[in-house]
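S.K.:
Structure follows, in structure tokens:
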């Protein structure tokens, strides 16, 4: 079923949670985000393969190497994010998107707007973070 969203569509709490329009809205949002990540990764690859380091000065060479290492770490984070986006798109397809993995309750539109790859409600996320802090302090 093809859903066409109005250009100014924004999910609201007045609608049924995760109705077809909301699912399509988040599907498009996630796809755009993934497309942007892949485009940036392509730009990075092009700049990294543009050639070796030609700076004669050791300080300049070290600076370029540091920049490249930072860019590679950023790309690795983007790769992991793309994987999470794919998982969110899969959850849209199987009907579990927008619901907390722990409680099964709706995550909430505001949280999904801010973090469309969220898998936990705010309450469950806070519990998870508290548990991490407790175990990290051991």
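Residue numbers (UniProt numbering): 1 to 138. Glycine included, every Cβ here is placed at the ideal spot set by N, Cα and C. From a predicted model like this one, the values you see are computed outputs, not experimental measurements.
Do you know offhand how far residue 112's Cα is from residue 63's?
M.R.: By 1-based counting over the chain shown, the position of residue 112 is 112. By 1-based counting over the chain shown, the position of residue 63 is 63. Answer to the nearest angstrom: the Cα atoms are 38 Å apart.
S.K.: Tell me the DSSP secondary structure of residue 99 in three-state form.
M.R.: Here the question's residue 99 lines up with position 99 in the chain shown. Note: residue 99 maps to strand in three-state DSSP.
S.K.: Counting only the same chain and skipping the five closest in sequence on each side, list residues whose C-beta sits under 7 Å from that of residue 37.
M.R.: As a working note, residue 37 is residue 37 in the chain shown. Same-chain partners within the cutoff: 78, 81 and 82.
S.K.: Can you name the start and end residues of the alpha helix (DSSP H) that residue 4 belongs to?
M.R.: Position 4 of the chain shown, counted from the first residue, corresponds to residue 4. No alpha helix (DSSP H) contains residue 4, which DSSP labels as neither H nor E.
S.K.: Over what stretch of residues does the alpha helix (DSSP H) that includes residue 112 continue unbroken?
M.R.: Residue numbering aside, residue 112 sits at position 112 when the chain shown is read from its first letter. Start and end: 109 to 114.
S.K.: Roughly how many angstroms separate the alpha carbons of residue 84 and residue 124, rounded to a whole number?
M.R.: Translated into positions along the chain shown, residue 84 becomes position 84. Translated into positions along the chain shown, residue 124 becomes position 124. Distance between the alpha carbons of residue 84 and residue 124 is about 18 Å.
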